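J.: In terms of full-length UniProt numbering, the sequence shown has 68 at position 68, counting the first letter as 1, and numbering is strictly consecutive. Below you will find the structure I want to go over with you.
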Amino acid sequence: MRSRYLTRHGDSWVFQIRVPRRLDPSSSFSSLRVSIGVMPARQARILSTVLAGAAQTLFARTTMNDISHLDHEERRDLFTSRIEALIPMFRGLHTLDQSVLPNDLKTPAADHAFDVLAAIGFDQARGHGLYASTAIDHAAPMLAMLRDEDLARAYVDPQPDTGEPKTQSAKVAEQLASQTELLADLLRKQAEPSFKGPLFSAAADKYIKKLEDAHGEDYDELKYLKHRKVVFIQICGDKPVDAYTLDDLQHFMNEVSWLPANISKQPDYDVNRVCDYIDENRNAPKGARKKTLGKSTLENNYVGKVKTIIRAGCHSAHVPYLLSGARIITPKRARPAKPRHAPAREVFTDTCPSSPMPHTCSSRWSAGVTSADRSC
Numbered sequence: 001m002r003s004r005y006l007t008r009h010g011d012s013w014v015f016q017i018r019v020p021r022r023l024d025p026s027s028s029f030s031s032l033r034v035s036i037g038v039m040p041a042r043q044a045r046i047l048s049t050v051l052a053g054a055a056q057t058l059f060a061r062t063t064m065n066d067i068s069h070l071d072h073e074e075r076r077d078l079f080t081s082r083i084e085a086l087i088p089m090f091r092g093l094h095t096l097d098q099s100v101l102p103n104d105l106k107t108p109a110a111d112h113a114f115d116v117l118a119a120i121g122f123d124q125a126r127g128h129g130l131y132a133s134t135a136i137d138h139a140a141p142m143l144a145m146l147r148d149e150d151l152a153r154a155y156v157d158p159q160p161d162t163g164e165p166k167t168q169s170a171k172v173a174e175q176l177a178s179q180t181e182l183l184a185d186l187l188r189k190q191a192e193p194s195f196k197g198p199l200f201s202a203a204a205d206k207y208i209k210k211l212e213d214a215h216g217e218d219y220d221e222l223k224y225l226k227h228r229k230v231v232f233i234q235i236c237g238d239k240p241v242d243a244y245t246l247d248d249l250q251h252f253m254n255e256v257s258w259l260p261a262n263i264s265k266q267p268d269y270d271v272n273r274v275c276d277y278i279d280e281n282r283n284a285p286k287g288a289r290k291k292t293l294g295k296s297t298l299e300n301n302y303v304g305k306v307k308t309i310i311r312a313g314c315h316s317a318h319v320p321y322l323l324s325g326a327r328i329i330t331p332k333r334a335r336p337a338k339p340r341h342a343p344a345r346e347v348f349t350d351t352c353p354s355s356p357m358p359h360t361c362s363s364r365w366s367a368g369v370t371s372a373d374r375s376c
């Protein structure tokens, strides 16, 4: 029996689902794909069906307003990470459904197991934490506990050592518990952040070089990216791209919102003094402050470009991009966009003496008018 939500990659099963048209009007997303591991085909089909239901619930609860501040890749990362976080829990539910544990043991064992399984899903979805490593099947001891009574009792109700000879099952349970404790201790020591991404400066240079190779050295976007690179480093420091947090981006937004507009066009402008310009404008008397950057410029041309560089650096280093759902607050002091009104029709149209129909005399607006009609 085939499943529309299931495919394979080598020995591993892969869950797949399409984002609804409501959340992807342009149909720009390919199917979301999440590895669910190596398991029997029947179990994989059941898990994929359950995940599909959970994903549909996620889509139903998501509105365009929830994701309007995210770009295409960030939306994809957000949906994928939320689905990944559910996998350990659903593996536990499938195992619990087949469990033969006594009723007096099943409830406390499940309580303990699902606390851990939820933490595993959360850490692996965000890419850091005690259970973040995907090289280890952290869920395996919890699933084994839900299947085996001796292991469950060893976890839930450990017995004091009476000095009496232990059964073989008790010895195995004790050994597994000891190994689990050693593994947990090792993981705690490794839980300190160990960032693997390139420095922001290196990621920016690589991204700029990529655009330059594609569009040429005269590509207008390059000068803006080079400027934003230095501004961000001056404010937030040069760190591995996977070390930046939501707090860093919010700090960057707060600081750069004090930067005077068009200051980079001044003849004596020095980008390495950007923090001085910010402090001078912030500390100036209210009536003497210079006009600051606009809301759209802050969101798209400063924070937006920084997020693009960080994401590109994470993807090139194959490390999780953790800022996909980051919602940055734009300070109220940011200048709102100027209202733009469509020009009056008379600006673009006129009535030609030889034609009763109004039309434009400008070649820009007269693609369908003959040369004779343009004589006015």
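Note that beta-carbon positions come from the ideal geometry of N, C-alpha and C, so glycine has one too. Note that the structure is predicted; figures quoted are calculated from it, not measured.
Thinking just about the alpha-carbon of each residue, which of P141, S35, L293, P20 is nearest to the one in S81?
T.: Of the candidates P141, S35, L293, P20, the one whose C-alpha sits nearest the C-alpha of S81 is S35.
J.: Do the stretch 110 to 129 and the stretch 70 to 79 make contact, defined as three or more Cβ pairs closer than 8 Å?
T.: Flag = no, the stretch 110 to 129 and the stretch 70 to 79 do not touch.
J.: On a Cα-Cα basis, can you pick out the residue from R327, A60, K265, N281 that is closest to E255?
T.: Comparing Cα positions, the closest option is N281.
J.: Here's the rule: buried if 16 or more other CB atoms are within 10 angstroms of the residue's CB, otherwise exposed. What is P285?
T.: By the 10 Å Cβ count, P285 comes out exposed.
J.: Tell whether a beta-carbon distance below 8 Å holds between V231 and A203.
T.: No, Cβ-Cβ distance for V231 and A203 is not below 8 Å.
J.: Are L32 and G325 touching if we call contact CB-CB under 8 Å?
T.: No. Outside cutoff.
J.: Assign A214 to buried or exposed, taking buried as 16 or more other Cβ atoms, counted over all protein chains shown, within 10 Å of its Cβ.
T.: Burial call: exposed.
J.: For G368, count neighbouring C-beta atoms within 10 Å of its own C-beta (all shown protein chains included) and say buried if the count is 16 or more, exposed if not.
T.: With a pLDDT of only 46 at G368, under 50, the local geometry of the prediction cannot be trusted, and the value read off the model is given with reservation. Exposed: under 16 other Cβ atoms inside 10 Å.
J.: What is the residue span of the beta strand (DSSP E) that R8 lies within?
T.: Looking at the DSSP string, the run of the beta strand (DSSP E) that includes R8 is 6 to 9.
J.: List the endpoints of the continuous alpha helix (DSSP H) containing Q56.
T.: Segment 41 to 61, the alpha helix (DSSP H) holding Q56.
J.: With a threshold of 7 Å on Cβ separation, who are the neighbours of Q234 within its own chain once the five nearest residues in sequence on each side are excluded?
T.: The residues are N272, V274, C275.
J.: Starting from the Cα of D148, find the closest Cα among A109, K265, T63, D238 and give me that residue.
T.: When only C-alpha atoms are compared, the closest one is A109.
J.: Going by beta carbon distance, what residues of the same chain come within less than 6 Å of C236, once the five residues before and after it are set aside?
T.: Contacts found: D248, F252.
J.: Just the C-alpha distance for Y207 and Y302, rounded to the nearest angstrom, thanks.
T.: Between Y207 and Y302, the C-alpha separation is close to 16 Å.
J.: Determine the contact status of I83 and A55, defining contact as a CB-CB distance below 8 Å.
T.: Yes, the Cβ-Cβ distance between I83 and A55 is below 8 Å.
J.: Hey, how far is the Cα of Q190 from the Cα of A132?
T.: Caution applies to Q190, whose pLDDT of 46 falls short of 50 and renders its modelled position unreliable; the model cannot decide the point.
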